[in-house]
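Peer 1: Chains as they are written, first to last, in our numbering: chain A, 26 to 121; chain B, 41 to 228. For each residue, glycine too, the CB sits at the ideal point set by N, CA and C.
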Amino acid sequence: MERAGRHGWVAGLLGAWAVGAVEPAEEADMRRHIEECEACRHEATQLREAVEELVDSGEMASPVVWETILSTIHSRVGPEAERWLAEGARARPPAG
Amino acid sequence: MSAEDAGEGDDTLVRAVAEGDELALAELYRRHAAGVFAVAVRILRHGEQAEDVVQDLFVRLWDNPGQFDPTRGSLRSFLLLQARTRSLDVLRAEGARRRREHADGVADLVVDLTTDPETETLADAAVGEVRAAISVLTPTEREAIELAFFGGLTYREVAQVLGAPEGTVKSRIRLGLQRMRRTLSALG
Chain A
26 MERAGRHGWV AGLLGAWAVG AVEPAEEADM RRHIEECEAC RHEATQLREA VEELVDSGEM
86 ASPVVWETIL STIHSRVGPE AERWLAEGAR ARPPAG
Chain B
41 MSAEDAGEGD DTLVRAVAEG DELALAELYR RHAAGVFAVA VRILRHGEQA EDVVQDLFVR
101 LWDNPGQFDP TRGSLRSFLL LQARTRSLDV LRAEGARRRR EHADGVADLV VDLTTDPETE
161 TLADAAVGEV RAAISVLTPT EREAIELAFF GGLTYREVAQ VLGAPEGTVK SRIRLGLQRM
221 RRTLSALG
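1) Taking the straight line between their C-alpha atoms, what separation do you get for residue 70 (chain B) and residue 180 (chain B)?
2) Taking the straight line between their C-alpha atoms, what separation do you get for residue 60 (chain A) and residue 72 (chain A)?
3) Would you kindly work out how many angstroms separate the C-alpha atoms of residue 35 (chain A) and residue 132 (chain B), rounded to a whole number?
4) Quick one: grab the DSSP three-state call for residue 51 (chain B).
5) Thinking just about the alpha-carbon of each residue, which of B:119, B:102 and B:110 is nearest to the one in residue 77 (chain B)?
6) For residue 57 (chain A), decide whether its Cβ has a neighbour in chain B, counting only Cβ atoms nearer than 8 Å.
7) Measuring alpha carbon to alpha carbon, tell me which of A:74, A:52, A:85 and A:27 ends up nearest residue 219 (chain B).
8) In whole angstroms, what is the alpha-carbon distance linking residue 109 (chain B) and residue 147 (chain B)?
9) Measuring straight from C-alpha to C-alpha, what distance separates residue 226 (chain B) and residue 135 (chain B)?
10) Measure the beta-carbon distance from residue 130 (chain B) to residue 95 (chain B) and round it to whole angstroms, keeping in mind my assumption that it falls under 8 Å.
11) For a quick check, are the C-beta atoms of residue 122 (chain B) and residue 97 (chain B) less than 8 Å apart?
12) Any beta-carbon of chain A closer than 8 Å to the one on residue 193 (chain B)?
13) Report the CB separation of residue 87 (chain B) from residue 128 (chain B) in whole angstroms; it is logged as a contact under 8 Å.
14) Are the C-beta atoms of residue 33 (chain A) and some chain B residue less than 8 Å apart?
15) For residue 69 (chain A), which residues in the same chain have their Cβ closer than 6 Å to its Cβ, ignoring the five residues on either side in sequence?
16) Kindly list the residues whose CB is nearer than 6 Å to the CB of residue 200 (chain B), restricted to its own chain and excluding five residues on each side of it in sequence; keep chain order.
17) Comparing alpha-carbon positions, which option in B:187, B:223 and B:195 lies nearest residue 49 (chain A)?
18) Work out the CA separation of residue 205 (chain B) and residue 91 (chain A) for me, nearest whole Å.
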């Protein structure tokens with residue numbers, strides 16, 4: 026597809042892309058064009074901003090959800106702790 | 041939550057999450073969990089499953105904050121689309137009964153143009169108050185957008201459901217979102 030034709034094809038699909046309603050293969054093709062076309066990139070960003078308004082965020086998930094998230098991430102070693110552990114291992118000679 | 045986190049932009053908070061800052065994640069959760077939940081509960085029609093989607097998305101954000109690329113849009117739109125994708129994954133993994141229930145929900149989104157367009161639709165009743173930006177959509181634009189986003193359909197599938205040309209559906213979605221965006225700009 027020539028450049029002008031591809032631009033028209035992508036621009037026509039931007040709305041569907043913004044709501045996640047294009048096929049994966051189409052999305053990959055579109056992404057390549059969007060990365061190099063400023064006009065499409067600009068419209069893509071604006072349409073995604075409109076998508077933010079599709080939901081009414083009045084209702085909140087149970088507080089238990091956040092507690093579960095916290096306990097899940099606490100059960101793992103975060104990047105900061107990993108660095109600290111790595112530095113500690115270098116600073117300390119192996120036991121024995 | 042720290043006062044510093046509360047005043048930061050989402051992009052900055054995501055970078056802080058990458059450094060292991062739990063308070064930054066808490067602030068992002070405070071800002072966006074309700075939106076993620078709203079998308080999931082609208083698609084799944086099941087509160088506990090929707091909460092599982094919220095939990096999953098924020099744990100994923102903690103594990104891999106680099107999945108969000110700020111050059112491709114806001115964190116909020118990224119999370120809402122992720123909520124749509126994850127909710128549809130849950131539905132696909134469910135049995136035939138749940139998929140039938142979802143199909144019924146999709147059918148509810150189809151606008152009956154023989155009725156008064158001012159009459160509240162079933163979708164309106166499910167969601168409650170309609171947001172100002174959505175209210176600028178024509179019934180056919182709103183139908184196409186909701187079938188695609190909450191119905192989880194591609195634009196081709198929307199065209200099939202409505203018996204409309206694909207080009208018409210693409211235009212309705214794009215023009216509708218453009219009008220919503222202009223309304224948001226006008227509201228400041």
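Peer 2: Quick answer:
1) 34 Å
2) 16 Å
3) 28 Å
4) helix
5) B:119
6) no
7) A:74
8) 34 Å
9) 45 Å
10) Their Cβ separation, rounded to whole angstroms, is 12 Å, which puts residue 130 (chain B) and residue 95 (chain B) out of contact at 8 Å.
11) yes
12) yes
13) That pair is no contact at about 17 Å.
14) no
15) 39 and 59
16) none
17) B:195
18) 44 Å
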